[in-house]
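A.B. asks: The following block contains the structure, expressed as structure tokens.
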Amino acid sequence: MLEEVSAVDQGDMIINIGPQHPSTHGVLQLVVTLNGETIKKVEPHLGFIHRSIEKMCESLTYRQFIYVTSRMDYLSSHINNHGCALCVEKGMQIEIPDRAKVIRVLMDELTRIASHELWWGAMAMDLGAFTPFFLSFRERETITDIMEDTCGARLTMNYIVPGGVMAELHPDFQKKVKAFIKLFREKADQYNELVTGNIIFQSRMKNVGVLSKEDAISYGCTGPTARGSGVNCDIRKLYPYEIYDQLKFDEVIETGCDSFSRYLVRVKEMYQSISIIEQLIDNIPEGDFQAKTKAVLKLPKGEFYTRVETARGELGVYIVSEGATTPYRIKFRSPGFSNLSALNHMAKGGKIGDLVAMMGTLDLVIPDIDR
Amino acid sequence: MGSASMIVLIISAIVFAVGGILVSKLLFKKHNSVVKGEAYECGVPTIGKSWVQFNVGYYLFALIFLIFDVELVFLYPWAVVAKSVGWLALVEIIIFMFILFVGFLYAHKKGALKWM
Amino acid sequence: MWSLGNIAHSIDVWLNQTFSPALALLIEFVIVGTMAISLFAVLGLVLVFMERKVSAYMQIRVGPNRVGPKGMFQTFADTIKLLLKEGLTPTGSDKFLFNLAPVIAIISAMLLLAPIAFAKDFQMWDLNIGVLYVSAISSVAVISILMAGWSSNNKYSLLGAMRSGAQIVSYELSAGLSILAIIVLVGSLKMTDIVASQETGWWLFKGHIPALIAFVIFIIAATAETNRAPFDLAEAESELTAGFHTEYSGMRFALFFLAEYVNIFIVCAIGATLFLGGWMPFHIGQWTAFNHVMDFIPSSLWFFGKTFFLIFLIMWFRWTFPRLRVDQLLNLEWKYLLPISMFNLLLATAIAILGWHF
Amino acid sequence: MTGIGLTHILFVSIALFFIGVYGFLTRRNMIMMLMSIELILNSVNLNFIAFNKYLWANKMDGLFFTIFIIAIAAAEAAVAIAIIINLYRSHRSIDVEDASDLKF
Amino acid sequence: MSAIQYIKDIYNAVKSLLIGMKQTGYYFTHHKEIITQNYPEEKQQLAERFRGEVVLTHDSNNEHKCTGCTACELACPNGTIKIVTKFELTPEGKKKKAIDKFVYHLELCTMCNLCIVACPTDAIKMDQAFEHSVFDRSQLTKVLNKPGSKIMEGVE
Amino acid sequence: MTAQDIIFYLLAAFTLVTGFLAVTTTKIFRSAIFLLFSLIGIAGIYFWLEYEFIAAVQIIVYVGGIVVLIIFSIFLTQEAGSNLPDTTMSKKITGGLAAVFGFGFTLLQVLQHKFIGTTEQGIEPNVANIGNRMLGVNEFGYSLPFEVVSILLLAAMVGCIVIALKKPVEK
Amino acid sequence: MTNEELKIKLTELLPSATFEEGGEWVNLSVAPAEWKPFAQQLRSVDGLAFDFLFCVTCVDWKTHLTIVYHLTSTIHRHSIVVKSKLDRAKAEIETVCDIWRTAEFHEREQAELFGVNFLNHPDLRKLILTDDFEGFPLRKDFEDPINMIKL
Amino acid sequence: MDVAETNLKGDTFPGEVHPVPGGDIVLTKLDDIINWARSNSLWPLTFATSCCGIEMMSVASAKYDFSRFGFEVARATPRQADVIIIAGTIVNKMGPVLKRLYDQMADPKYVIAMGACAISGGPFFYNTYSVVKGADHIIPVDVYIAGCPPRPEALLHALISLQEKIKSGQTREQLKTEKPAQQALPKG
Ligand code: SF4
Ligand code: SF4
Ligand code: SF4
């Protein structure tokens with residue numbers, strides 16, 4: 000009824016969300032065209048954190064450039080490192096020891112949980128509930144402690160290096176991880192009660208930001224964003240790397256296509272990751288944690304592309320080598336970039352309050368998008 | 000103390016508010032810049048006019064509210080005596096409310112109570 | 000047993016003895032004024048501190064604990080800081096209205112203190128129309144928000160003000176209707192009558208289901224009217240940065256902040272008076288002995304205890320629930336609360352007429 | 000007890016009435032005109048109340064008239080503003096002089 | 000929407016809200032769940048591998064192991080380390096390269112550990128100190144070798 | 000002069016001044032705010048007259064309702080910060096003269112007229128009495144108008160919705 | 000479909016395409032002019048159904064630019080890499096953002112970083128860099144003496 | 000705390016407190032209270048650009064809990080914030096935004112540069128074309144805290160340092176506005 004009315008009213012208003020805005024999780028600028036409170040168009044403006052990482056990497060050696068990638072998608076820094084290390088190893092044809100593989104996978108999955116925990120809290124905060132944020136950080140803090148023990152840093156690890164991992168696991172690692180699993184299993188249900196079942200949360204997320212399967216593919220969405228729309232795109236299943244093909248876990252797929260199913264995918268993924276960790280934690284093979292590699296790495300001439308599944312989706316690392324110690328050109332295909340491009344499509348017709356829910360369930364990390 | 004207290008309260012409120020603003024003006028030495036005065040919009044200059052035209056949808060809320068507000072006003076004297084008047088009061092108010100409820104349903108039906 | 004009423008009375012007597020009546024009146028005015036201001040300030044300080052602590056404990060942390068003993072002076076420091084902070088007036092704003100808005104917010108909050116019975120015989124003004132007065136004055140508060148939003152010359156403010164305008168006016172209806180359910184049972188608008196009618200028990204317990212429903216609706220509406228989460232759309236941080244007070248800084252912002260908290264206190268005090276008997280101790284019907292024991296607790300403690308309980312409830316909501324979307328919020332009001340409370344009012348009338356309450 | 004009588008209040012109400020009239024005559028903005036009308040209505044209300052209090056305190060007719068006038072004023076304002084807004088949406092202006100030449 | 004559905008909706012909504020409130024209420028009443036550390040007073044035991052800054056280890060004789068080979072400088076991805084070398088005369092009268100200044104820009108360092116890995120003599124290591132706040136940026140540029148320090152005997 | 004008088008004069012002055020400002024300001028939002036003040040002033044006078052109920056009704060309906068509505072309509076139709084065109088001088092003069100003459104004339108009439116009221120015992124205008132009257136079905140009762148009001152309100156609501164939702168005519 | 004089968008199929012579609020050996024995926028080069036119709040076919044031909052464009056990038060070979068498209072099919076799970084040589088001075092190629100909507104952003108990014116002009120792109124404004132940025136930073140000859148401190 | 004005393008205590012500060020010319024002016028009691036209030040009520044602006052922002056969130060989280068110091072009232076609008084914590088890289092495109100945000104904050108305002116990036120560009124110092132080499136090229140910074148990212152405790156340390164700085168009246172803000180006479184004095 001009111002639609003016809005609003006078509007005549009020139010009540011269009013353009014408002015900026017970002018670069019400094021609590022719900023953009025960083026410095027993303029969204030120029031939103033509103034009619035009343037209904038979104039007509041969302042135009043993302045990027046580059047507020049464009050750090051020219053790709054250019055920088057052209058002058059860093061193969062050992063050095065990995066550390067910058069921890070700063071790209073800093074919430075899954077291990078997985079970023081992993082992707083780069085894999086690409087270098089592929090080029091060098093290094094076979095890494097089993098122990099390193101298992102450690103890498105363990106770290107990846109811990110990172111994934113940490114990332115999803117943070118997302119969970121931050122998203123709840125976006126929707127206006129503050130307490131979940133604090134609760135989720137408690138678990139995250141446990142993971143960071145584990146990481147810190149072994150990798151020596153809390154966020155930007157730089158632990159996975161070409162040829163394996165940088166250091167041996169901390170002696171307490173297994174014990175702490177088991178404690179964490181226990182804690183997680185204990186607390187996660189409480190959170191489901193606090194957030195997932197909550198009527199307000201559900202009504203804020205259901206039927207919001209609908210992205211159909213076809214659209215998700217066309218927009219190149221990956222990761223939980225696409226899996227919430229029923230696309231199976233888990234690199235760990237489709238193109239298994241390391242030892243993922245020997246592990247038992249499910250690719251979580253929801254077909255609701257809305258924010259709530261994206262939410263569910265992430266929540267369920269945490270449980271999957273926990274189960275992966277449980278499978279591995281007692282079976283870490285003995286052996287070296289690093290393959291013998293030369294001090295200076297030189298990739299042969301050619302092009303190498305690897306992809307890994309970060310907490311946000313598919314990270315592609317594309318290295319063009321000219322046979323020097325530094326890459327000739329390096330390109331990171333970041334999941335957030337493609338996922339963001341679907342935002343306008345998703346947001347159309349929603350309310351401005353929905354935008355927050357959409358942004359929340361897209362789980363954007365802006366430096367990952369801008370690089 | 001009666002209505003005098005109202006005056007006292009108004010005066011003290013004004014003293015409090017205006018006094019607070021004045022004190023802060025006095026204590027703070029100002030230095031200005033042009034950008035400072037500009038409207039805040041997440042750190043970028045405002046796009047377009049700050050004034051925006053709203054949708055009629057908003058206005059309908061105020062409108063329906065106004066009607067119900069008047070109804071509410073009539074309910075107050077009714078409520079005070081309802082107990083003593085008895086069933087008659089209930090009957091009258093049911094008629095009264097019913098008529099308005101019809102209007103309410105109409106508004107609902109027409110979608111006037113949808114926020115745009 | 001001491002009571003605030005007696006103290007007030009003896010001061011009055013003493014003043015009249017010492018000074019001429021006019022002077023005594025003037026002095027009383029000054030005393031009342033100062034008391035109102037200090038009550039206002041203290042309420043603000045205490046409530047903000049309480050909110051911080053409550054939120055901290057709910058969020059498994061300790062909250063302010065370093066400024067003063069147990070962090071008591073934290074809000075005090077904040078106040079001084081705000082007082083000393085620059086009060087910006089954006090260019091392009093309507094300066095007159097921009098400055099006026101917080102003042103109006105404060106005045107309306109202050110005026111609402113008048114009919115509240117803080118303790119037995121301790122009330123500034125026992126108005127004939129007590130509750131109606133509260134509804135009337137609280138409807139002025141929305142003007143200050145609209146004014147602030149308009150005069151800031153900022154899109155977020157305007158949107159926030161618009162939302163908040165629609166929200167407050169909408170919830171006024173169900174708040175009013177749920178108050179009416181009690182009025183029907185009491186048969187008077189006067190605060191003292193309302194409190195006195197709960198001599199034998201609080202309406203929440205006496206009034207059966209209608210009173211309970213009315214109570215729930217009142218709490219929801221009160222939360223919404225004071226712009227608290229989950230209804231804090233006017234200042235929805237993740238959407239509109241800070242809503243209608245985006246452009247306010249320093250003392251003017253502090254005034255809004257303060258008015259918000261005092262408003263919370265007031266709606267909770269009204270709620271406590273209507274549903275929980277105000278300063279009336281916990282009485283059960285004819286159990287005279289029990290009632291007598293209860294009377295030993297000073298009435299002011301009862302009042303503040305109940306009010307703070309309600310305030311805690313509202314804070315509990317805030318730190319548990321996410322924010323509603325604006326259309327859901329209005330839907331809640333127009334689709335659920337309003338019809339239910341209208342129906343509930345009829346139910347309450349029937350019960351009152353039948354004399355089914357205790 | 001007080002020196003204020005009926006005439007004082009009548010003075011206020013008359014003055015308010017003519018302030019309203021002045022506004023109505025001089026402003027061209029429809030919302031402003033509506034506001035002037037509100038002032039006029041209020042002066043009438045004030046009259047009713049004053050008469051009720053000072054002349055016919057035994058009846059409440061003045062009071063009820065006032066209540067009903069307020070109710071009607073609310074209805075009137077609502078409809079008037081609905082019309083104004085409709086007008087605005089079609090003509091992008093709420094100036095009487097712009098509106099007068101249009102058939103509505 | 001039928002009346003039953005209407006009431007059901009309300010019931011479910013209220014129930015889910017109450018469950019949520021139970022959760023926060025639990026934390027509110029169980030203060031033992033509080034995990035806050037009072038930072039300046041009680042400090043957390045830091046992990047021994049935590050990378051807070053690069054230090055050049057000196058022993059009690061004010062000697063260090065750095066030969067000035069600049070391997071760390073080369074390994075560092077962002078030029079944090081600048082080795083200024085000088086030539087020293089050994090007792091045998093031979094010229095020997097040694098460090099004059101081991102300049103370390105803390106404000107650039109990303110604690111990536113590459114220099115530590117690269118150092119052939121394990122002269123440098125990561126330290127856990129993290130309280131680096133200063134009021135002036137220039138104070139973050141440090142010279143790591145202590146004044147008058149020498150290279151340890153037998154380190155090549 | 001007693002305190003009561005002073006208060007009355009203050010209230011009257013407040014009402015009239017803000018009322019006058021309301022019709023003369025060029026900023027429409029300010030004008031609405033002044034109107035609000037004027038209405039509050041009138042509510043104050045009702046208070047002063049001890050017609051508290053009416054005062055409260057005045058505030059609820061006018062301040063909380065009509066002014067909010069007016070403000071909303073200003074939001075809808077006016078640009079923030081822009082001034083309304085000032086009225087022409089001639090219009091001002093004619094309007095002013097008309098108002099002043101009308102005022103003088105009426106005032107003269109009022110002053111000359113001798114009002115005769117009843118001497119009967121008054122009814123206290125408290126809410127209970129109003130309520131009883133309102134629900135009364137006898138000759139002094141207002142139950143019929145009371146119900147009629149609801150129909151009026153219904154009509155207004157329907158009318159408003161119809162008008163507001165009507166597709167505006169194209170230019 | 001194995002790489003060999005893919006190769007055969009692709010040669011059928013576009014005889015002028017040249018294949019590159021090595022690498023895990025089929026790697027072919029097309030002329031810029033042939034790209035758009037070829038892309039259309041890649042998307043729509045049944046056995047191919049490359050519906051998922053996951054990476055668009057550009058490489059500056061100093062003499063020329065190469066634009067690289069990585070494509071995958073979510074139905075058949077095969078991937079190819081399509082390359083196209085572009086002239087450095089006048090780098091132009093048809094956009095494919097109407098075929099794969101994700102290309103819109105990717106192309107915008109490459110356009111500003113490499114100066115490739117995507118013809119018929121709906122909105123080729125700068126996405127990442129500031130509006131007044133000069134030059135194409137990821138080209139090898141990009142110099143910025145003020146901002147870029149070489150190590 | 001008067002200036003003479005701060006100089007004595009100088010070495011307890013992590014950074015150096017420069018003696019003020021004309022340091023013999025004894026700060027009044029009022030100034031003490033003002034500084035006390037200001038230092039204990041630093042409301043941060045919610046502003047995070049990248050990785051360091053996550054550690055900033057950790058500081059807000061239950062384990063580190065900066066609400067103990069009264070910092071938890073993070074304001075989304077610069078008008079009401081006192082301290083802007085530059086958590087993350089500032090790139091050339093962000094520079095004007097940062098400047099604008101800073102300008103729009105109401106005085107007195109303080110700045111903490113958190114992490115290598117905000118101090119100097121950090122990991123992105125060399126070979127990048129788009130990173131600002133230190134946020135202090137854009138806005139004046141009061142406290143620097145090194146690390147990549149600094150631990151949450153380190154940020155708390157920086158906040159405490161800032162408190163000390165405010166209490167001693169040594170912030171740029173205080174030197175600039177409240178004692179203009181001293182600036183006029185010749186140096187040394
Ligand atoms: S830790 Fe990394 S950044 Fe720091 S000095 Fe060593 S190599 Fe350089
Ligand atoms: S620290 Fe180690 S790597 Fe660096 S110059 Fe000294 S000896 Fe060489
Ligand atoms: S200093 Fe390190 S952690 Fe902080 S923003 Fe820069 S790269 Fe990220």
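Protein chains in written order, with numbering that gives the first Met the number 0: chain A, 0 to 370; chain B, 0 to 115; chain C, 0 to 357; chain D, 0 to 103; chain E, 0 to 155; chain F, 0 to 170; chain G, 0 to 150; chain H, 0 to 187. Positions of the beta carbon are idealized from the N, C-alpha and C atoms, including for glycine. For clarity, every value in this text was computed on a predicted model and none was experimentally measured.
Rounding to the nearest angstrom, what Cα-Cα distance links residue 67(G) and residue 239(C) in this structure?
C.D. replies: For residue 67(G) and residue 239(C), the distance between alpha carbons rounds to 41 Å.
A.B. asks: Check residue 57(F) in the structure and name its three-state DSSP category.
C.D. replies: Three-state DSSP puts residue 57(F) in a helix.
A.B. asks: Going by DSSP, name the residue or residues bridged to residue 126(E).
C.D. replies: Paired residue(s): 52(E).
A.B. asks: By Cβ distance, which residues of its chain are closer than 8 Å to residue 26(C), with the 5 residues on each side in sequence left out?
C.D. replies: These residues qualify, in order along the chain: 14 and 18.
A.B. asks: Have a look at the DSSP bridge pairing and note the partners of residue 83(G).
C.D. replies: 29(G) and 66(G), per the DSSP bridge assignment.
A.B. asks: Going by beta carbon distance, what residues of the same chain come within less than 8 Å of residue 147(E), once the five residues before and after it are set aside?
C.D. replies: The residues are 61.
A.B. asks: Looking at C-alpha atoms only, which residue of 37(C), 315(C) and 248(C) is the closest neighbour of residue 20(B)?
C.D. replies: Ranking the options by Cα distance to residue 20(B), first place goes to 248(C).
A.B. asks: Counting C-beta neighbours from all protein chains within 10 Å, is the total for residue 43(G) 16 or more, i.e. buried, or is it exposed?
C.D. replies: Per the 10 Å Cβ criterion, exposed.
A.B. asks: Given a cut-off of 8 Å, decide if residue 161(A) and residue 296(A) are closer than it, judged by their beta-carbon atoms.
C.D. replies: Cβ distance < 8 Å, so residue 296(A) and residue 161(A) count as in contact.
A.B. asks: If we define contact as Cβ-Cβ less than 8 Å, is residue 25(A) a contact residue for chain C?
C.D. replies: Not one chain C Cβ lies under 8 Å of residue 25(A).
A.B. asks: May I ask you to report which of helix, strand or coil DSSP gives residue 75(G)?
C.D. replies: Three-state DSSP puts residue 75(G) in coil, outside helix and strand.
A.B. asks: I'd like to know whether the C-beta of residue 293(C) is nearer than 8 Å to at least one C-beta of chain B.
C.D. replies: False, the Cβ-Cβ gap to chain B never drops below 8 Å.
A.B. asks: Across the region 43-58 of chain H and the region 69-80 of chain H, are there enough close Cβ pairs to call them in contact, namely three or more that are closer than 8 Å?
C.D. replies: Yes, they touch.
A.B. asks: Among the residues of its own chain, which have a CB less than 7 Å from the CB of residue 30(C), if the five just before and after it don't count?
C.D. replies: Excluding positions up to five away in sequence, the list is empty.
A.B. asks: Looking at the structure shown, is residue 20(A) part of a helix, part of a strand, or coil, going by DSSP?
C.D. replies: Three-state DSSP puts residue 20(A) in a strand.
A.B. asks: Going by DSSP, name the residue or residues bridged to residue 41(E).
C.D. replies: Beta-bridge pairing links residue 41(E) to no other residue.
A.B. asks: For residue 142(C), which residues in the same chain have their Cβ closer than 7 Å to its Cβ, ignoring the five residues on either side in sequence?
C.D. replies: Cβ within range, chain order: 103.
A.B. asks: How big is the Cα-Cα spacing for residue 24(H) and residue 68(H)?
C.D. replies: Interpretation of residue 24(H) is limited by its pLDDT of 46, a score under 50 that renders its predicted location unreliable; the figure taken from the coordinates is listed afterwards. About 30 Å.
A.B. asks: Whether or not the region 53-63 of chain G and the region 97-114 of chain G are in contact is what I'm after, with contact meaning three or more pairs of Cβ atoms, one per stretch, closer than 8 Å; do they touch?
C.D. replies: These segments touch.
A.B. asks: Below 8 Å on the Cβ atoms is my contact criterion, and I expect residue 25(A) with residue 365(A) to pass it. Report the Cβ-Cβ distance as a whole number of Å.
C.D. replies: With a Cβ gap of about 3 Å, residue 25(A) and residue 365(A) count as contacting.
A.B. asks: Taking the continuous beta strand (DSSP E) assigned at residue 34(A), which residues delimit it?
C.D. replies: Its beta strand (DSSP E) spans residues 28-34.
A.B. asks: Assuming residue 384(C) contacts residue 159(C) under a Cβ cut-off of 8 Å, what Cβ separation, rounded to an integer in Å, is found between them?
C.D. replies: Past the edges of chain C, shown from 0 to 357, lies residue 384(C), and the structure says nothing about it.
A.B. asks: Would you mind telling me which residues of chain F sit closer than 7 Å to residue 61(B), beta carbon to beta carbon, in chain order?
C.D. replies: Going along chain F in sequence order, the residues near residue 61(B) (Cβ under 7 Å) are 67, 68 and 71.
A.B. asks: Does any CB atom of chain D fall closer than 8 Å to the CB of residue 10(B)?
C.D. replies: Residue 10(B) does not count as touching chain D.
A.B. asks: At a cut of 8 Å, does the region 62-77 of chain C reach the region 208-226 of chain C through at least three beta carbon pairs?
C.D. replies: These segments do not touch.
A.B. asks: Can you tell me the Cα-Cα spacing of residue 256(C) and residue 11(F), whole angstroms?
C.D. replies: Answer to the nearest angstrom: the Cα atoms are 33 Å apart.
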